[in-house]
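Worksheet: one structure, shown below.
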Amino acid sequence: MPLPVSRRVVFRLAAAVAASSIALPALASDPSQLVAGVAAEVIGIVKTKTGAARQAAILQVLQTSFDMPYMGRSALGTHWNQASEEQRARYLQAVATAEARAYSERFGQYAGQTLTLGKVSNRPNGVTMVDSRLNQSTGQPIKLEWEIRNGKITDVKVEGVSMVMTRRSDFNSYIQNNGGKVDALIAEMEKRAANQ
Amino acid sequence: MIDGVTKAMAAGIRRSVVALALAGTVLGGCASGDTGAAEVWDPIETPNRFIFSINRAVDIIALRPLAVMYRDLLPEKAQTSVRNVLDNLGEPVTAINEVVQGEPKRAATTMARFLVNSTIGLAGIFDVASSLGLERTKEDFGKTIGLYAGVEPENGGFYLMLPGIGPSNARDGTGLMMDYLVDPFRILTFNLAVDWDWYQLGRYGVSVVDYRSRTIFALDDLEKNSVDYYAALRSAYTQNRAELIRQKREKTDAKGELERRDNLALAR
Chain D
1 MPLPVSRRVV FRLAAAVAAS SIALPALASD PSQLVAGVAA EVIGIVKTKT
51 GAARQAAILQ VLQTSFDMPY MGRSALGTHW NQASEEQRAR YLQAVATAEA
101 RAYSERFGQY AGQTLTLGKV SNRPNGVTMV DSRLNQSTGQ PIKLEWEIRN
151 GKITDVKVEG VSMVMTRRSD FNSYIQNNGG KVDALIAEME KRAANQ
Chain G
1001 MIDGVTKAMA AGIRRSVVAL ALAGTVLGGC ASGDTGAAEV WDPIETPNRF
1051 IFSINRAVDI IALRPLAVMY RDLLPEKAQT SVRNVLDNLG EPVTAINEVV
1101 QGEPKRAATT MARFLVNSTI GLAGIFDVAS SLGLERTKED FGKTIGLYAG
1151 VEPENGGFYL MLPGIGPSNA RDGTGLMMDY LVDPFRILTF NLAVDWDWYQ
1201 LGRYGVSVVD YRSRTIFALD DLEKNSVDYY AALRSAYTQN RAELIRQKRE
1251 KTDAKGELER RDNLALAR
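One line per chain: the protein sequences are D and G, in this order. FYI, our numbering numbers position 192 of the first sequence as 192, with every residue one higher than the one before it. FYI, our numbering numbers position 186 of the second sequence as 1186, with every residue one higher than the one before it.
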């Protein structure tokens, strides 16, 4: 009776394939689902909310899907170690506010942008990079790369320009030009946050 | 006789200046080390910041308002045509760079684009070549040097703020000079001894306004969201150029690039 055997084998193979095809994409597409979720959320916010409400909603997204403490720490570089606990807390608060404001102003009015997800690549060091393209109604699409660690977004690169790296250079230079004190940077950022 | 000697000396000096500039690029590349984009090597920061403040003053008073008017008042189609003409004039330099980069096929495509657009496309006003499937590429000598230099693409030698042009570095500054020297349009006007200074000036002026009109949004954003605009721009420029060079390198050595990136991420 060769037929039932082969049928059983076929069934087992099919089951195995089905199981793996369910399990593998679920594992691999987690980071891209995270990115797609964030994009959908942000587009929804930009479409419906403006002003302070928009900024609060964006801050909410940043705090749930982004690893803000990690990003803040990287942006401060070596100055993080010199900062006291109180300074760190104030600094992280100021950065979160600045980031939320930057994003809520950056998008302006929704103009039909869509996000196309691309290649997902896992690095041996535990970092996952998700490539994507922001399509605009006019002009060239913008290349966006998302860096994900432990299920949270830790950096966004726009045309190769990393947000965290740029902030780090910016902050470092400001601190150096103000007597090497982290306090100067925190004061400046708090002043800016209060101004608007 | 004396005249001949002076001429020879002058040529010698000119040659050694070029050699010095190239050597400076290479040595500068070595000295700065591979630190990534967070710390851009900027040994002449004080003069750079001085030039930057003048550039910004000119930008605020004249260039940015002009670019805003250009963007908002000129019809979209006219802007596209202007861009097409400028792009078309730049194709020969791109083709030369592609030859030096070891991509003769790409260079041939670029030259085909140039021939099609200059004739059927009415001196480049219409980008007919793209609809024929000839894809546009843009290369410059800074990228060519970056492709062959055995250093991190973030490392372009010392950072340099150029008057009127903006952010650059030893690598891209040298590249800009090379692009200017090999530009067939410049050589042609020089050899024909035609006074085409106005043409060159016009081309430069229009391309500056066109380029500025496309960077209004990004630069406004960067300025508003940084505490030290100079440093933020320095970092963003370096990273963006590095990305372009990396894309070129990845075509030839994808696996090596990925491994290198991992090592960099680990070190960070």
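Ideal placement from N, C-alpha and C gives every residue a C-beta, glycine not left out.
Integer Cβ distance of D:Arg101 from D:Gln55, believed to fall under 8 Å: 6 Å
D:Trp146 in three-state terms, based on DSSP: strand
Chain D within 7 Å of G:Asn1055, Cβ atoms only: no
Distance cut-off 6 Å: G:Glu1076 Cβ against heavy atoms of the ligand NAP: Absence of the ligand NAP is noted for the structure shown, with no ligands found whatsoever.
Bounding residues of the beta strand (DSSP E) (the contiguous stretch that carries G:Ser1168): 1166-1169
At least three beta-carbon pairs within less than 8 Å, the region 1230-1244 of chain G to the region 1143-1160 of chain G: yes
For D:Val120 and G:Lys1224, the rounded distance between their alpha carbons: 32 Å
Partner residues on chain G for D:Gly180, Cβ-Cβ distance less than 7 Å: The premise fails here: D:Gly180 is roughly 14 Å from chain G at the closest Cβ pair, so nothing lies under 7 Å.
Contact list for the region 1231-1252 of chain G against chain D, Cβ threshold 7 Å: Ala1231, Ala1232, Arg1234, Ser1235, Ala1236, Gln1239, Asn1240, Ala1242, Glu1243
Which residues DSSP lists as bridging D:Val158, in chain order: D:Leu144, D:Val161
With 16 other Cβ atoms within 10 Å as the buried cut-off, status of G:Phe1158: buried
Residues of the region 1082-1094 of chain G whose Cβ lies closer than 9 Å to any Cβ of chain C, in chain order: In summary, chain C is missing from the structure at hand, where the protein chains are D and G.
Under 7 Å by beta carbon: chain D residues contacting G:Ser1226: Asp170
Whole-Å CB distance - G:Gly1164 paired with G:Asn1048, under 8 Å assumed: Actually they do not touch by this definition, with Cβ atoms about 14 Å apart.
As assigned by DSSP and simplified to three states, the class of G:Lys1288: Since the first and last residues shown for chain G are 1001 and 1268, residue 1288 of chain G lies out of range.
Three-state class that DSSP yields for D:Ser132 in the structure shown: strand
Bounding residues of the alpha helix (DSSP H) (the contiguous stretch that carries D:Thr116): Premise fails: D:Thr116 lies in the beta strand (DSSP E), 114-122, not in any alpha helix (DSSP H).
Where the alpha helix (DSSP H) through D:Tyr103 begins and ends: 85-106
Contact the region 1059-1077 of chain G vs the region 1104-1114 of chain G: 3+ CB pairs below 8 Å: no
Span of the alpha helix (DSSP H) around G:Leu1162: It is not in any alpha helix (DSSP H) - G:Leu1162 instead sits in the beta strand (DSSP E) that spans 1159-1162.
The region 1130-1140 of chain G touching the region 1203-1216 of chain G, judged by at least three CB pairs closer than 8 Å: no
Chain D within 7 Å of G:Asp1221, Cβ atoms only: yes
Interface flag, D:Tyr70 vs chain G, CB-CB below 7 Å: no
Nearest candidate by alpha-carbon position, reference G:Ser1235, set D:Asn178, D:Lys157, D:Arg149, D:Asn125: D:Lys157
Alpha helix (DSSP H) segment containing D:Ala56, residue limits: 51-65
D:Pro25, buried or exposed, once every other Cβ within 10 Å from all chains shown has been counted against 16: In this predicted model, D:Pro25 has a pLDDT of only 39, less than 50, meaning its place in the structure is not dependable enough to derive any value.
Limits of the alpha helix (DSSP H) - the one that G:Ile1096 falls within: 1076-1100
Where D:Glu41 meets chain G, residues with beta-carbon distance less than 8 Å: Going along chain G, no residue has its Cβ under 8 Å from D:Glu41, so there is no contact; the nearest lies around 21 Å.
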